[in-house]
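Numbered according to our numbering, the sequence shown spans residues -6 to 198. The beta-carbon is built from N, C-alpha and C at its ideal position, and this holds for glycine as well. Computed from a prediction, not measured in an experiment: that's the story for all the values here.
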Amino acid sequence: MRTRHHARRTGLRDYPRRLALALMGAFFLVLASPVPAFAQPEVWASSPEDGALLDTAPGEIAVTFSETLDGASTVAVAGPDRVPLELEAPRFSENVLIQGMRYPAVGAYTVTVTAVFADGQELETVFSFSVESVPEMLAVDGVAIEGEAADTAGTGESAAPSGSSGDSGSNLVLLVAILAAALVIVGGIPAIRRMDRRRRSTGPA
């Protein structure tokens, strides 16, 4: 009888330690497991290309991305005098953003695209191009413009997504949950020991 109670008490004392070790093992297993990377949106192509010098101004500009777009995407275009143009809202189809154009003059144009994707990520990209002539239908004043555009188109850069969540959020939540459970178990060890002492005091000699 005494041996059986002794074995039971030993098991109760070992239980918190075993559980804590199991939780710590799970914690380190999660740390060692590969973290799944979320797809980061990229610019695949732009038309015109960054730095292009065009004989005739295009009626539209387009940017192709690696991810599906959302309707909140915007396009801002600055003319040769660096004054923003008043343009119609862009349209998109899947992963292609299209902006209709009107031109006040020949010269360099800078395009800033803020793309919002279906998964909530954002990406800002900037590119420039120059035009040497503007047809009548695309001229702001309705008059064709001829002239020699200075090759002043800058080099576009893709900025890092603002507020993007490429982090492994689910893994972080799991790690926090495991740590919290370990703390609860460690904090409950004194209570279990008190219960064990009460059992021993009330048990048979």
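When secondary structure is reduced to three states using DSSP, Leu78 falls in the coil class, being assigned neither helix nor strand.
Boundaries of the beta strand (DSSP E) around Thr105: 100 to 109. Taking each of Leu116, Glu42, Ser123, Val136 in turn and checking the Cα distance to Ser66, the smallest one comes out for Leu116. By alpha-carbon distance to Leu46, the top candidate from Ser121, Ala98, Met130 is Ser121. Boundaries for Arg95: no beta strand (DSSP E) harbours it, and the DSSP string shows neither H nor E there.
Counting only runs of at least 3 residues, the stretch 45 to 77 fully encloses the following beta strand (DSSP E) elements, listed from N- to C-terminal order: 45 to 47, 53 to 58, 67 to 71. Looking at the DSSP output, Ala132 sits in a beta bridge with Tyr96.
Of the other Cβ atoms in all chains shown, 16 or more fall within 10 Å of the Cβ of Gly100; this residue is therefore buried. Spanning the alpha carbons of Ser86 and Trp37 requires a straight line of approximately 15 Å.
Contact between Thr105 and Ala69 holds, since their C-beta atoms are separated by about 5 Å, short of 8 Å.
The beta carbons of Asp48 and Glu129 sit no closer together than 9 Å.
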